[in-house]
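*Asks:* Per the working numbering, residue 534 is the first one in the sequence shown, and the count goes up by one each step. Ideal Cβ placement from N, Cα and C applies to all residues, glycine included. On a predicted model such as this, the values are computed, not experimentally measured, just so you know. Here it is, the structure in full.
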Amino acid sequence: MPGTRKLGKTTDQRRAMLRQQVTDFLDNGKMETTITRAKEIAPLAEKMITLGKKDTLATRRQALAFITREDVVTKVFKELAPKYSERNGGYTRITRIGVRRGDAAEMAIVELV
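Written out as structure tokens, the structure is:
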């Protein structure tokens, strides 16, 4: 795990939540979530895109071990990775958008650059 944030969950719950959020983020290209979750999602998503840039059987299997849907892995390897082939990291952007009305949690938008 990239950060040390526990996000109020046990290890297996946290890992499952982050896997699902990274999968949804890579599928849609944009996601609105809390700032702490966004800071955890961004490095994981960047790692998946970096794996896609290598495009070997081993890296595809590593991506499949983390991303929960096979069609998203195909999208990462066929669409996203070639788009960022000339870029050395920094594929995501986190933009703060204020506080959530219900619980005043600081919200952010994570998007692919």
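1. If you run the structure through DSSP and keep just helix, strand and coil, what is I630?
2. Would you mind stating whether M640 and V632 have Cβ atoms separated by less than 9 angstroms?
3. Which same chain residues end up closer than 7 angstroms to L551 when comparing Cβ atoms and leaving out the 5 residues on each side of it in sequence?
4. Pull up the distance between the alpha-carbon of I642 and that of R570, whole angstroms please.
5. Give me the Cα-Cα distance between R547 and Q553, rounded to the nearest whole angstrom.
6. How many whole angstroms separate the CB atoms of V606 and L597, which I take to be in contact at a CB cut-off of 8 angstroms?
7. Assuming A637 contacts T567 (C-beta within less than 8 angstroms), just tell me the rounded distance between them.
8. My understanding is that L559 touches V609, with C-beta atoms under 8 angstroms, so please give their C-beta distance in whole angstroms.
9. Quick one: grab the DSSP three-state call for A578.
10. From which residue to which residue does the beta strand (DSSP E) around V643 run?
*Replies:* According to the structure data:
1. For the purposes of this step, residue 630 is taken as residue 97 along the sequence shown, with counting starting at 1. Correct three-state label for I630: strand.
2. Counted from its first residue, the sequence shown places residue 640 at position 107. Counted from its first residue, the sequence shown places residue 632 at position 99. Closer than 9 angstroms, so yes.
3. Residue numbering aside, residue 551 sits at position 18 when the sequence shown is read from its first letter. Exclusion of the five residues before and after L551 leaves E573, I574 and L577 as the residues of its chain whose Cβ lies within less than 7 angstroms of its Cβ.
4. As a position in the sequence shown, residue 642 is number 109, starting the count at 1. As a position in the sequence shown, residue 570 is number 37, starting the count at 1. Roughly 10 angstroms separates the two Cα atoms.
5. Walking along the sequence shown from the start, residue 547 turns up at place 14. Walking along the sequence shown from the start, residue 553 turns up at place 20. Straight-line Cα distance between these residues: approximately 10 angstroms.
6. Position 73 of the sequence shown holds residue 606. Position 64 of the sequence shown holds residue 597. Between V606 and L597, the beta carbon gap of about 5 angstroms places them in contact (Cβ cut-off 8 angstroms).
7. Here residue 637 refers to the residue found at position 104 of the sequence shown. Here residue 567 refers to the residue found at position 34 of the sequence shown. Not really, about 11 angstroms apart at Cβ, beyond 8 angstroms.
8. On the sequence shown, position 26 is the one that residue 559 refers to. On the sequence shown, position 76 is the one that residue 609 refers to. With 8 angstroms as the limit, L559 and V609 qualify as a contact, their Cβ atoms being about 6 angstroms apart.
9. Here the question's residue 578 lines up with position 45 in the sequence shown. Three-state result, A578: helix.
10. Here residue 643 is taken as the residue at index 110 of the sequence shown, counted from 1. E639 to L645 is the span of the beta strand (DSSP E), which, as asked, contains V643.
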